[in-house]
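Encoded as structure tokens, the structure appears first; notes follow it.
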Amino acid sequence: MGHKHHGKSSAKFLDSNEILSELSFKGNETFMDAGCGDGYISIKAIEEFLPEGVVYAVDIHDESMEGLKEYKNENNVENLINVVADITEGIPEVEDSSVDVILMVNVFHGFKSSQNEDVVVEELKRLIRDDGKIAIVDFNPIEIPHGPPVDIKISPERLEELFAKHNLKRIYLNEELGADYPNGKSHYMIMFINE
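Using the numbering used here, read the sequence shown as starting at 3 and increasing by one per residue.
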């Protein structure tokens with residue numbers, strides 16, 4: 003049986019400012035929030051980090067994006083593009099080599115349990131520009147009160163091996179994100195670029 007979270011939000015235990023600050027935006031990039039859930043990161047990116055950028059908010063669950071649609075309409079936001087898509091089947095609405103930064107928060111471990119990791123990495127690689135970057139934020143593989151079981155979590159070392167198979171190299175690792183627990187921080191961020 004696979005692990006599914008059905009569009010739950012990570013907003014309770016991850017600080018969107020802390021995550022987005024790590025991405026060193028100039029303000030005019032094309033950004034993808036892949037597996038955006040309720041869109042709290044997409045909205046923060048639009049409001050504070052990418053005044054002249056474009057944000058693709060992508061999620062498989064149409065219902066989890068209802069709030070994003072309302073936000074877009076109520077605030078007349080033109081640079082937010084909502085896309086309902088299953089990343090394991092590709093995101094045809096987004097062109098090859100068109101995204102500067104892809105961020106995936108608390109999503110990648112789900113591809114481990116469904117054994118779609120390679121397909122997903124290939125799709126992320128297709129989407130980023132030659133000098134673009136892919137940032138993955140996920141649970142450190144430690145026992146904590148929330149999140150998936152430890153055996154479903156994916157370590158940064160495993161991600162580094164996986165992305166290397168697709169000629170993507172690690173440029174950054176921060177293992178100190180999220181909530182504090184006696185056995186460590188709840189999350190990490192790892193970033194990759196084309197070799």
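Where a beta carbon is used, it is the ideal one built from N, C-alpha and C, also for glycine.
- At the C-beta level, H189 and L16 come within 8 Å of one another.
- For D153, the secondary structure class from DSSP, reduced to helix, strand or coil, is coil.
- In terms of Cβ geometry, G134 and V96 do not form a close pair [threshold 8 Å].
- Beyond the five residues adjoining it in sequence on each side, E177 comes within less than 8 Å, by CB distance, of N142, P158, G186, K187, Y190 in the same chain, given in chain order.
- Counting along the chain, A166 sits inside the alpha helix (DSSP H) bounded by residues 158-167.
- For S23, the enclosing alpha helix (DSSP H) begins and ends at 18-23.
- Considering only D120, D132, I146, D153, the residue with the shortest C-alpha distance to Y183 is I146.
- Uninterrupted alpha helix (DSSP H) stretches at least 4 residues long and entirely within the stretch 53-77 occur at 68-76, given in chain order.
- When rounded, the separation of the alpha-carbon atoms in V121 and K127 is 10 Å.
- The shortest CA-to-CA distance from F113 to any of I154, E162, H168 is the one to I154.
- From the listed residues G69, R131, L105, the smallest Cα separation to D98 is found for R131.
- Shown here, H111 sits in a helix according to DSSP, grouped into three states.
- Spatial neighbours of N75 in its own chain (CB-CB distance under 8 Å, excluding positions within 5 residues in sequence) are not present.
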